[in-house]
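Chains as they are written, first to last, in the numbering used here: chain A, 0 to 622; chain B, 173 to 351; chain C, 33 to 132.
C-beta atoms are modelled at their ideal positions from N, C-alpha and C, and glycine is treated no differently.
Comments concern the structure below.
This is the structure we're talking about:
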């Protein structure tokens, strides 16, 4: 059992290392290698999860390997396998395998085919690493690796300046969050001393920190600070406000990448982290409150921006931001369990949406929805898949999204009315932008001249699989998998009022969108003009990008330049050259003069020395 | 007896000290050597007062008689010119003031050393007196030398041998060239 | 009877005079001479203690000192002569090859 876990983690890494060795002629082999290792990891994960499916609550295996052992510092490398990690692992390897398989065809003609699969394998390794980590430092290492893979994959078509920039933006924004994350880790490290040893192990932290908090109210404040810092890592990785700016730009990467990393798994890593450290967050209600509000706010904030996007992938990106907000909010409201539930269903339908979009892009070579239209007639299979995804996203019964979303809203209803109404508004807007997308891209008359084809088997199969999961997902009993343990409120039966409200809002939103686009041109134009100011605001992302640009240009750059100057002039030239080197040379110049070469000089010094020694010898011994 | 001994002591001691000062201060090398001879004779007298008869005689015979003579030989060998030149050129030194300061420092050091020594001596030693029955006669020394101190005695012979060989090696023209 | 202190003080004074000569003289051979003064002072000290403590070791030591002094003077003078022959001067300040 244990050794299989090593395989699950390291198979993708092996594939990453082997891929560069595959020659250009045999490139397909590389793809199969990567795909194969991922599928194999998935199968092993299934085997690992077997006891869980049978209803047993899995014991938490914990296999630490001592990595660095110093006095006062002991870092381990180990796996923590419990229901939470198994669930996440299933999502990562399962959806991951589907997307790997899809990529075999999608990226067939691409120049960087092998590089793509290498990057994807590296990502898989890092993501699995995050899931299996047994302590915060190990998780942080994999966290950074995931950030790196994301950078590489976003910038896959690096010759395109937009793609290169997007990669940088993603990495840098993440870095900011990670900085706070690291400080948070260090704080927890200092708080975690017990019996003279300190730890970053999750299980031990869960045990030690309650005692720490109870020791004094000041400790409570400190813990809150630490947990908020850890949350800043989540802000970066899961793209919550204000570090959300990188996700829409990340759509420059290949669509399967967007599906895997920026919808299903990497961005969900933040939510996973929250779930993993939930016992610690529970110790600080203040931090949970802040988390909830940021999540809820992001959900609405992002959804509004989705309405005005023209690029189909960007619509889906903002949608992801919004749904992530839901997950984060759920954790903040006290149930990491519900958050994870939504994470799982979201992985299914968002990946489905992205892959269908990919299929559309692959065949139309177009990403702008206003240039599409009538896809439902030209690409019925793909459209159907997309529709299923949209259905799940909006949250209609019986799709999986219905169950998880309504759990979240019920939670909000019982915990925090303000957030409930914000979330409800978000439901409406979600329906609105999905309705719009469907209206513009799939209905109506087609603007595309060329002959469109449906995707072939390799791309179709994942679509089918994910469609099934999106529909059936609610009936799989996912919450039951992760029952028990320390994940907050159980997923109960949703509130009927909530169900009624969300469904109505969903229908209302879709109908509004359809209705709008059914209006005549003139009427539409008039309404558009009335709301032009709103349109501008939303398209400009509430001027967030401008704000960041301003900050960078007028604060960060001058500061960086000043520090660079400081380092160059004062430290290097001054301290090192001038002081250290210069003074040493000077001292040498003068000290050299002591070596006169004359015996009598040396003898005089000798004599002086004798006087001093005799003095000390005699004054010390005379009584 | 007492008064005579004290008188003799002071005569010998003061002679030794003043001659030593001459050795150190006089510009003429030959005069320095001769003054040193006087010092040794005075010390020899002090040795007699301390009943160290053998040492006293050896001091005169070997120290004053052989070693100082060797000094004189070398001084004569190097010639008056060799001697005087060195003394005079140092007077013509450009940095005369520096030399003066250096001299002052050395004088100061010497005085400090003297002060220290005297303080130590006077503080540590209670006034012990030399024993009467104790005589450093030839027999006594000879006995000690060939029984208790035999090993050092043999070693010193070795040192003397080394000295001879060293000098010959250094100065003998053919030997020096060969090595 | 003359107390030990008197002898030791005399010895000390002689020693310091010798040291002063070593530090001050501008002629190698005269420096060697001053060293002889110092050795003599030590001898006086040895003999004085030997007489007071009743141990002949002091006098034996002073004999050894004389012997070693002889050896040392011989070699020292030999070297001085050689130096004079190669340099032409006996000023210790000129012999500063060890200068930096």
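Residue 613 of chain A touches chain B at which residues, Cβ-Cβ below 9 Å? 285, 288, 289 and 292
Span of the beta strand (DSSP E) around residue 67 of chain A: 64 to 69
Would you kindly report the start and end of the unbroken alpha helix (DSSP H) that includes residue 368 of chain A? No alpha helix (DSSP H) holds residue 368 of chain A; DSSP gives it neither H nor E.
Just to confirm the assignment, what range does the alpha helix (DSSP H) spanning residue 314 of chain A have? 311 to 331
Output the distance between the C-alpha atoms of residue 263 of chain A and residue 350 of chain A, rounded to the nearest integer angstrom. 6 Å
Would a check of beta-carbon distances place residue 113 of chain C closer than 8 Å to chain B? yes
Answer with yes or no whether the minimum CB distance from residue 203 of chain B to chain E is below 8 Å. The structure shown contains no chain E; its protein chains are A, B and C.
If we call anything under 8 Å between Cβ atoms a contact, is residue 242 of chain B one with residue 105 of chain C? yes
Taking a Cβ distance cut-off of 7 Å, strictly less, list which residues of the stretch 45 to 60 of chain C are near chain A, in chain order. 51, 54 and 55
Which class does residue 73 of chain A belong to by DSSP, given the choice of helix, strand or coil? strand
Is the stretch 367 to 377 of chain A close to the stretch 437 to 452 of chain A, with three or more CB pairs under 8 Å? yes
Quick check on the DSSP output: what are the complete alpha helix (DSSP H) runs of length 4 or more inside the stretch 493 to 536 of chain A, in order along the chain? 495 to 517 and 520 to 529
Does any residue of chain A have a CB that is nearer than 8 Å to the CB of residue 37 of chain C? no
Near residue 32 of chain C, which residues of its chain fall below 6 Å by C-beta distance, leaving aside the five closest residues on each side in sequence? With chain C covering 33 to 132 only, the question about residue 32 of chain C has no answer from this structure.
Can you say whether residue 260 of chain B is buried or exposed, counting buried as having 16 or more other CB atoms within 10 angstroms of its CB? Since pLDDT at residue 260 of chain B reaches only 48, below the 50 mark, its modelled position is unreliable, and the value read off the structure follows with that caveat. Exposed.
Using only the alpha-carbon positions, how far apart do residue 508 of chain A and residue 461 of chain A sit? 29 Å
Spell out whether any CB of chain A is found under 8 Å from the CB atom of residue 339 of chain B. no
Mind listing which residues of the stretch 63 to 84 of chain A have their C-beta closer than 9 Å to chain B's C-betas, in chain order? none
Quick check on the DSSP output: the alpha helix (DSSP H) that includes residue 427 of chain A runs from which residue to which? 416 to 436
Chain B contact for residue 100 of chain C (CB, 8 Å cutoff): yes
In this structure, does DSSP put residue 447 of chain A in helix, strand or coil? coil
Could you run through the stretch 118 to 129 of chain C and flag, in chain order, every residue whose CB is less than 8 Å away from some CB of chain A? 124, 125, 127, 128 and 129
Could you tell me whether the Cβ atoms of residue 88 of chain A and residue 129 of chain A are closer together than 8 Å? no
Any Cβ of chain C within less than 8 Å of the Cβ of residue 246 of chain B? yes
Could one say the Cβ of residue 242 of chain B lies closer than 8 Å to chain A's Cβ atoms, at least one of them? no
Any Cβ of chain B within less than 8 Å of the Cβ of residue 63 of chain C? no
Could one say the Cβ of residue 106 of chain C lies closer than 8 Å to chain B's Cβ atoms, at least one of them? yes
Taking just the CA atoms, how far does residue 254 of chain A sit from residue 470 of chain A? 22 Å
Could you pull the start and end residues of the alpha helix (DSSP H) that residue 108 of chain A belongs to? Segment: none, residue 108 of chain A is in no alpha helix (DSSP H) and carries neither H nor E.
Going along chain C in order, which residues have a C-beta closer than 9 Å to the C-beta of residue 632 of chain A? Because chain A spans 0 through 622 in this model, residue 632 of chain A falls outside it and cannot be assessed.
Nearest candidate by alpha-carbon position, reference residue 475 of chain A, set A/52, A/369 and A/36: A/52
Under a CB-based cut-off of 8 Å, is residue 42 of chain C close to chain A? no
Going straight from the alpha carbon of residue 220 of chain B to that of residue 39 of chain C, what length do you get? 13 Å
Reducing DSSP to helix, strand and coil, say where residue 129 of chain C ends up. coil
If the cut-off is 8 Å on Cβ atoms, which residues from the stretch 181 to 200 of chain B count as contacting chain C, listed in chain order? 181, 185, 188, 189, 192, 193, 195 and 196
Quick check on the burial criterion: 16 or more other C-beta atoms within 10 angstroms. Buried or exposed for residue 530 of chain A? exposed
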